[in-house]
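S.K.: Here's a structure for you.
Protein chains: 2
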Amino acid sequence: MITGKNYIGNVLTSVGENIFKTFNPEQNKENNWLFAEATKIEINKAVELATEAFKVYKTISGNRKSDFLNEIANQVLLLGDELQEVYCLESGLTKERFLGERTRTLFQLRSFADLIKEGSWVEATIDVGNTERKPNSKPDLRKLNIPLGPVVVFGASNFPLAYSTAGGDTASALASGCPVIVKSHPMHAGTGELVASAIIKAAEITKMPNGIFSNLNSSGIEVGQLLVKHPLVKAAGFTGSINGGRALLNLASKRKEPIPVFAEMGSVNPVVLLPNALKLKAETWAKTYANSITLGSGQFCTNPGLILGLKSEGLSTFIQNLAEEIVKIEPSCMLHPNIIGAYETKKNIVVNEEGVSTVSAAKEKTGVNYGRQLVTTVNGKTFLNNPTLHQEVFGPFSLVVQCEDIEELKEIISKLEGQLTGTIISEDNEVKNYDEIVLALQNRVGRLIFNGVSTGVEVCDAMVHGGPYPASTDSRFTAVGVNSIKRWVRPFSFQNWPNELLPNELKNENPLGILRNINGVKTSEKID
Amino acid sequence: MITGKNYIGNVLTSVGENIFKTFNPEQNKENNWLFAEATKIEINKAVELATEAFKVYKTISGNRKSDFLNEIANQVLLLGDELQEVYCLESGLTKERFLGERTRTLFQLRSFADLIKEGSWVEATIDVGNTERKPNSKPDLRKLNIPLGPVVVFGASNFPLAYSTAGGDTASALASGCPVIVKSHPMHAGTGELVASAIIKAAEITKMPNGIFSNLNSSGIEVGQLLVKHPLVKAAGFTGSINGGRALLNLASKRKEPIPVFAEMGSVNPVVLLPNALKLKAETWAKTYANSITLGSGQFCTNPGLILGLKSEGLSTFIQNLAEEIVKIEPSCMLHPNIIGAYETKKNIVVNEEGVSTVSAAKEKTGVNYGRQLVTTVNGKTFLNNPTLHQEVFGPFSLVVQCEDIEELKEIISKLEGQLTGTIISEDNEVKNYDEIVLALQNRVGRLIFNGVSTGVEVCDAMVHGGPYPASTDSRFTAVGVNSIKRWVRPFSFQNWPNELLPNELKNENPLGILRNINGVKTSEKID
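If you're matching them up, the sequences are chains A and B in order.
In this text, residue positions in the first sequence follow my numbering: the first is 24, and each later residue adds one.
In this text, residue positions in the second sequence follow my numbering: the first is 24, and each later residue adds one.
Structure below.
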C-alpha cells in the first residue's frame, strides 16, 4: 500500500507540507496518491540514523549482509502485481519492460549478495612483517577495503527499478557496508515507496540496524541538495542529466569535506560505420539501428544518438533505409510530460541549426505523450563547428554525420565529449585498417562495441558503464556490475595489529577462505 | 650539470624572465644556480607534447615501459655525488637521509617496473559471450585498466626525491601509461632538474616518445594552476599543505571537464595511549615518541602531532619523561626559512591558545634555520572546543591531550578531521576492552598502527598512505605502494571485439600469462 510518506529508517513519516503527485503519461493525467516531500528535519534525522546504523552495519559479516540483500530481492518479488501496476501507472512503460527491469534488479541484488558472501572483494592484501630485516625491521601490514559511510542514492527517471530505490547504486552501497538514503525520483514516488517498503521489511527480517536505509520523497532539487551538503553524508550516486549530475558534483566539491559523487550522465554513444560495412550491409545495419534508436522510446543513456560515416553511396543507402525503417516503428509512450517536453525542445534546436536536415520523422498523429522518432543528418564540417550538435537529445533521436574523409572523421571523434560507449561497424575485419579511429574512439568512451548496438548493458564483472566526463563524473569507476562496489569503499591498513583483533579477512588463519594477496602472491592459503 | 632550464619533453628551454634561486638553510644563504620559471608557452608546449606522446605511450608494452622505469632508476643512481651534493645544499637534509631517500625512490621505480612487467595489475576481467542464452544472447565482454592521459605531478617540499620528480606519483603514473609533467618544487629546483635529466636520458635510451616527461620550474603557484586548468591534463598528484591541495582540487572541480586530483595533505596522526601501557611503560613510550616527534625535524606527513591519554599518574609520568627526553635531542636543520617560519608561527598560535601549556621546549640557542622541538599539553574539554588545536603544526611539535574519561576520549577521536594514521599504544592486549575507541579511530584514519610510531611509511602492497579528508582529497586511493597506480587508470570494456585485435591482456591465448578473472574465476589459463 502506498502511504505517500517518507521512510526515515523503519518509520513512515510525513511532517512536511509540500505535497505532490505522480503522473500517468499514458492516460495523460495525475495519479491519485499524495506524496509528502521530506523536510529538513526528516532529512537530518535520516542522515543521523544512517550514521548511527553505520557503526553497527560496518561490523556485520558478509554472510549476514548477503542475507539482507537476498531478502530485499525476495521482498521486491513479493510486492507482485501491485508493484507492476504502480510502475506502469507512473512511467508509461509496459508490463514486459517491468518484468525485464525487475529481473535485472533482482539479479543485481543477488549478484552483490554472492559477492559479499564469498568475501574476496575486499582485496585483502598482506605483507608479513620481518623483525630480522636490516637496517629496519619490516612492519606487518594488512589491507582491506572498508565502507565510506552513509551514501545518498538518487533515483533515475528512466529506470524506476534497476537504477532507483533498490537499483545498482543502492545494492552496491549496501553490499559494501554503507547505509543508504534514497532521494526518490519524483516521477515514480509510488514505485519507490513500494520498493523501499521491501527493503525495510528485509532489514527487519534480517535484523539490520534501524537507519541502514531511508527513502525520502522529493518534488524538486532541494532534498537532494540538502542531502549532498550534509556533513555526515560520505558519498553520492546519481544517474541522470549532465546539469543535474554536475550541480551535485559542484555542491560536493564545495563542502568543507569534499565527498565523491559518482554521476552517470549524458552520452550520445557514437557509432562509426566503416566503408565496407556500408557497402555490403547498409540495409541490415539501418534496420538494426532503427530499432536501437527507438527502443524504449530512446530513453536509455546508451541510446545511439550519433552515427558517423564517410560520404559514399553506402552511407546514402544506409540513410535512406534508416529513413524507411524508422517510420515503420510505432512511437511509444515517454516517461513524463517533462521528458517529452525536453525532447521536443532539444529536437527542435537541432533541426533548426544551420546545415541540419531531417532524414525522416515519425507521423504527427500519435499518443499525447508519445515520443516521435527523428533522424537528422549533417556534414562533418558543420558538425565539427557546432557544439550544439554534440549534445545529447534524450529520446528516440539520432544524427547521422557525413564525413568528407577519414581525417575529418578522426577529428570529429577526438573532439567529442566523453561517452559511455562507442561502436564500430565493420565488415571482414576492415577495422584492422582503422587503428587511429579505434584509438581515438577508445580515448573518448568507457566501452567499445564491435558490430552491435550500445543499448543493452549486460550486468557482469567485465562491464564498464561510465566513461570520460561528462559520461560520468569519475571515469575510474563503473556504475554497473559488481565492480561498482569500489565507488563506496576505501583501502585501510592495519600495521602490527594483533592477529586475534584483525577482521576475519586479514587473520592468519583465513577463516573465510578468501583469495588474498600475501607477500605479492594471490592465494587462499592461511599464514603459518 | 644544472642549467636552470625547463625540460619541455627532451628539450631544455628557458624563455621566461622570472628567475629564481634555491636556498641553503644550513648555511642560511642562497645557492648560486639561476632557475627560469616556465612560461605559459612552455607549459602549453609540455602539455601538448604529452598529449601526442600519450597516443604512442599507451600502446607500448608493459615490458618496454618496465625497461624505461628501471632505466630511470639506473640513471638516477648514475647521477652519483652531484645529486647528493645538490640535494643537501637545497634541503639542509643530511647525507644519510639522502641515501635513504634515494634507496626508497629507486625501490619505488623498480617495484612499478616489476608490476607492469608481470602485467596482472590491469585487472583483466573476461565474461565470455554466449550466443545460445535466452531470451537474449550474452555479449562477450572484456575489461582492463587503461591510462587516463597526461598527469601533472607536484614535487613535495619534504621529499626532494621520493615524492618529487621521480617519486611515487611520477613512477606510478608512468607505469600506468600516463605521460607526466612535473611542476618542480621551487625549494629544490636543482635536485629536480638533475633527476629530470635522468628521466629524459632513460626515455631516450629506451626509445620512449618525446613528451612522455617534462619538468617545469616554478617559483610560486601560477605554473601549477595553469597546469591543473589545462584542458588536456587528465589528473594531478600533489603532496603538501591542506591549503595547497585544496586550492588545486577547487581548480580541478571548476574545470569544464573536472579531473581527479589526488592530494596527500595534512595530518596530526593521533596516538592513543591506553591506561595499562601508561601505567607500565610510560618511560619507554616517552622515549620512543621523543624520537618520533623530532625525526627529520618533524617534517613528515606522518609526524605524531597529537597524543591522547586519560588523566592518570601514568600519563603524568609519560609527559614528564617526554619533556626530559625531548630536550636531550639536538635540533636539526629545517628545509627552508619559509618552512621554519610557518612552524614558528603555528607553534606560537597553539602556545597562546587558552588552556595550552608548554611541557618542554628545545633550548633557544641553535642553528638559524633549526627546528626547535616543542611539546605542549591541554585538557580534553579545551581541546574539544578549540578547532585551532586540531590543526597540523608541521615540524617537531606535539600536543598531549589529557582526557577526563573514556567518553571524552571517544568524543575527541570522533571529532577529529581525517588523518593518515592513528596509533594505539596498548599493554597486554588491553586494546580488547576499547572496541569503540578503535572503531572511532578507524573511522578517521587510513592506517591503524599497534604499539609503534606512525613515522616510517613502508613501501609495500598492503600500505595505505591516504585517508579521509583532509588527510587526502580522495580516501579511495593510496599514494604509497603499487596500488597507487589505480589513481591514474580507468576501467575499459571491449564488447564482442575480434580476438586478434584485443590488447594482449584480453586475448583468448593469454600471451602474457597474467592472472585474469574469467567468468568469475581467477585464473592464468587461456580460453579455449
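Where is the CB? At the ideal position from N, CA and C, for every residue including glycine.
Output, in chain order, the set of chain B residues within a Cβ distance shorter than 7 Å of tryptophan 520/A.
M.R.: Here residue 520/A refers to the residue found at position 497 of the first sequence. In chain order: Leu471, Phe473.
S.K.: Using the Cβ count rule (16 or more neighbours within 10 Å means buried), how would you classify valine 468/B?
M.R.: As a working note, residue 468/B is residue 445 in the second sequence. Answer is buried; the Cβ neighbour count reaches 16.
S.K.: Which value, in whole angstroms, describes the spacing of the CA atoms of leucine 471/B and glycine 190/B?
M.R.: Residue numbering aside, residue 471/B sits at position 448 when the second sequence is read from its first letter. Residue numbering aside, residue 190/B sits at position 167 when the second sequence is read from its first letter. Going from the Cα of leucine 471/B to the Cα of glycine 190/B covers about 24 Å.
S.K.: Report the rounded CA-to-CA distance for asparagine 452/A versus aspartate 458/A, giving the unit in angstroms.
M.R.: Residue numbering aside, residue 452/A sits at position 429 when the first sequence is read from its first letter. Residue numbering aside, residue 458/A sits at position 435 when the first sequence is read from its first letter. One C-alpha to the other measures close to 12 Å.
S.K.: Only counting the same chain, and skipping five residues up and downstream in sequence, which positions put a Cβ closer than 7 Å to that of alanine 494/A?
M.R.: Residue numbering aside, residue 494/A sits at position 471 when the first sequence is read from its first letter. Cβ neighbours of alanine 494/A beyond the five flanking positions: Met288, Ser290, Gly441, Gln442, Leu443, Gly469.
S.K.: In three-state DSSP terms, what is isoleucine 363/B?
M.R.: By 1-based counting over the second sequence, the position of residue 363/B is 340. Helix at isoleucine 363/B.
S.K.: Out of Gly489/B, Gly172/B, Leu35/B, Asp484/B, point me to the one whose CA is closest to glutamate 216/B's CA.
M.R.: Counting from 1 along the second sequence, the entry for residue 216/B is found at position 193. Comparing Cα-Cα distances from glutamate 216/B to each of Gly489/B, Gly172/B, Leu35/B, Asp484/B, the minimum goes to Leu35/B.
S.K.: State the CB to CB distance for the pair glycine 260/A and valine 176/A, rounded to an integer number of angstroms; the pair is presumed to be in contact (CB under 8 Å).
M.R.: Numbered from 1 along the first sequence, position 237 holds the residue referred to as residue 260/A. Numbered from 1 along the first sequence, position 153 holds the residue referred to as residue 176/A. Glycine 260/A to valine 176/A, Cβ: 5 Å. Contact.
S.K.: Nearest-angstrom Cα distance between leucine 412/A and glycine 263/A?
M.R.: Stepping through the first sequence from its first residue, residue 412/A is reached at position 389. Stepping through the first sequence from its first residue, residue 263/A is reached at position 240. Going by the C-alpha atoms only, they are around 20 Å apart.
S.K.: Can you tell me the Cα-Cα spacing of glycine 394/A and isoleucine 282/A, whole angstroms?
M.R.: Looking up residue 394/A in the first sequence gives position 371. Looking up residue 282/A in the first sequence gives position 259. Those two C-alpha atoms are separated by around 37 Å.
S.K.: Is the region 326 to 334 of chain A touching the region 420 to 431 of chain A, taking contact as three or more C-beta pairs under 8 Å?
M.R.: yes
S.K.: Do you know offhand how far asparagine 2/A's Cα is from alanine 147/A's?
M.R.: Only positions 24 to 551 of chain A appear in this structure, which leaves residue 2/A out of reach.
S.K.: Mind checking the region 479 to 503 of chain A against chain B and listing, in chain order, the residues whose C-beta falls within less than 9 Å of any C-beta there?
M.R.: Gly479, Glu481, Cys483, Asp484, Ala485, Met486, Val487, His488, Gly489, Gly490, Pro491, Tyr492, Pro493, Thr496, Asp497, Ser498, Arg499, Phe500, Thr501
S.K.: In chain order, what are the residue ranges of uninterrupted beta strand (DSSP E) at least 3 long that sit wholly in the region 339 to 403 of chain B?
M.R.: The qualifying runs are 380 to 384, 397 to 402.
S.K.: Taking Cβ-Cβ distances shorter than 8 Å, what residues in chain B pair up with proline 21/A?
M.R.: Nothing can be reported for residue 21/A: it is not among the residues displayed for chain A, which extend from 24 to 551.
S.K.: For my contact list, valine 295/A and leucine 331/A are in at a C-beta cut-off of 8 Å; report their separation, rounded to the angstrom.
M.R.: Looking up residue 295/A in the first sequence gives position 272. Looking up residue 331/A in the first sequence gives position 308. Their Cβ separation, rounded to whole angstroms, is 5 Å, which keeps valine 295/A and leucine 331/A in contact under 8 Å.
S.K.: Taking the C-alpha atoms as reference points, what is the distance between isoleucine 204/B and leucine 271/B?
M.R.: Reading the second sequence from its first residue, position 181 is the one you call residue 204/B. Reading the second sequence from its first residue, position 248 is the one you call residue 271/B. Between isoleucine 204/B and leucine 271/B, the C-alpha separation is close to 15 Å.
S.K.: Could you tell me whether the Cβ of glutamine 465/B comes closer than 9 Å to any Cβ of chain A?
M.R.: Position 442 of the second sequence, counted from the first residue, corresponds to residue 465/B. Glutamine 465/B counts as touching chain A.
S.K.: Going by DSSP, what residue range makes up the beta strand (DSSP E) through cysteine 426/A?
M.R.: In the first sequence, counting from the first residue as 1, residue 426/A sits at position 403. Counting along the chain, the beta strand (DSSP E) containing cysteine 426/A begins and ends at 420 to 426.
S.K.: List the DSSP bridge partners of glutamine 518/B.
M.R.: As a first step, residue 518/B must be located in the second sequence, where it is residue number 495. Ile472/A, Leu164/B.
S.K.: If you reduce the DSSP assignment to three classes, tell me which class serine 195/A lands in.
M.R.: Numbered from 1 along the first sequence, position 172 holds the residue referred to as residue 195/A. Here serine 195/A sits in helix by DSSP.
S.K.: Would you kindly work out how many angstroms separate the C-alpha atoms of arginine 125/B and leucine 132/B, rounded to a whole number?
M.R.: Locating residue 125/B in the second sequence gives position 102, where the first residue counts as 1. Locating residue 132/B in the second sequence gives position 109, where the first residue counts as 1. Looking at the two C-alpha atoms, the distance is approximately 11 Å.
S.K.: Using 9 Å as the threshold, is the C-beta distance between lysine 28/A and glutamate 481/B below it?
M.R.: On the first sequence, residue 28/A is found 5 positions in, with the first residue counted as 1. On the second sequence, residue 481/B is found 458 positions in, with the first residue counted as 1. Not closer than 9 Å, so no.
S.K.: Could you give the distance in angstroms between the alpha-carbon of leucine 138/A and the alpha-carbon of alanine 502/B?
M.R.: As a first step, residue 138/A is located in the first sequence; it is residue number 115 there, counting from the start. As a first step, residue 502/B is located in the second sequence; it is residue number 479 there, counting from the start. As the crow flies, the alpha-carbon of leucine 138/A is around 27 Å from that of alanine 502/B.
S.K.: When you compare only the Cα positions, how much space is there between asparagine 375/A and alanine 313/A?
M.R.: Stepping through the first sequence from its first residue, residue 375/A is reached at position 352. Stepping through the first sequence from its first residue, residue 313/A is reached at position 290. Taking the straight line from one Cα to the other gives about 23 Å.
S.K.: For my contact list, phenylalanine 285/B and phenylalanine 515/B are in at a C-beta cut-off of 8 Å; report their separation, rounded to the angstrom.
M.R.: Residue 285/B sits at position 262 when you count from the first residue of the second sequence. Residue 515/B sits at position 492 when you count from the first residue of the second sequence. Not confirmed; about 20 Å, so no contact.
S.K.: Along the beta strand (DSSP E) that carries alanine 286/B, what are the first and last residues, could you check?
M.R.: For the purposes of this step, residue 286/B is taken as the residue at position 263 of the second sequence. Counting along the chain, the beta strand (DSSP E) containing alanine 286/B begins and ends at 284 to 287.
S.K.: Would the beta-carbon of glutamate 94/A fall within 9 Å of that of cysteine 356/A?
M.R.: To locate residue 94/A, count along the first sequence from 1; it is residue 71. To locate residue 356/A, count along the first sequence from 1; it is residue 333. Glutamate 94/A places its beta carbon 9 Å or farther from that of cysteine 356/A.
S.K.: Got a sec? Which residues, its chain only, sit under 8 Å from lysine 206/A by beta carbon, not counting five neighbours each side?
M.R.: To locate residue 206/A, count along the first sequence from 1; it is residue 183. Same-chain partners within the cutoff: Val175, Val176, Phe177, Gly178, Leu239, Ser241, Val246, Gly247, Leu250.
S.K.: Which whole-angstrom value is the C-beta distance of leucine 358/B and glycine 115/B, which I expect to be below 8 Å?
M.R.: Locating residue 358/B in the second sequence gives position 335, where the first residue counts as 1. Locating residue 115/B in the second sequence gives position 92, where the first residue counts as 1. Between glycine 115/B and leucine 358/B the Cβ distance is about 6 Å, and since that is below 8 Å, they are a contact.
S.K.: For chain A, find out if any of its Cβ atoms is closer than 9 Å to the Cβ of arginine 127/B; answer yes or no.
M.R.: Locating residue 127/B in the second sequence gives position 104, where the first residue counts as 1. Arginine 127/B does not count as touching chain A.
S.K.: Any C-beta of chain B sitting closer than 9 Å to the C-beta of lysine 370/A?
M.R.: Sequence index remark: in the first sequence, residue 370/A carries index 347 (1-based). It does not; no Cβ of chain B falls within 9 Å.
S.K.: Find the residues of chain A that neighbour glutamate 280/B, judging by a C-beta separation of less than 9 Å, and give them in chain order.
M.R.: Taking the first residue of the second sequence as 1, we reach residue 280/B at position 257. The contact set of glutamate 280/B on chain A, defined by CB atoms closer than 9 Å, consists of Glu440, Gly441, Pro491, Tyr492, Pro493 in chain order.
S.K.: Do we get a CB-CB distance below 9 Å when we pair lysine 166/A with the residues of chain B?
M.R.: Working through the first sequence from its first residue, we reach residue 166/A at position 143. Yes, contact with chain B.
S.K.: Anyone know if the C-beta pair for histidine 211/A and valine 109/A falls short of 9 Å?
M.R.: Here the question's residue 211/A lines up with position 188 in the first sequence. Here the question's residue 109/A lines up with position 86 in the first sequence. Taking 9 Å as the Cβ cut-off, histidine 211/A and valine 109/A qualify as a contacting pair.
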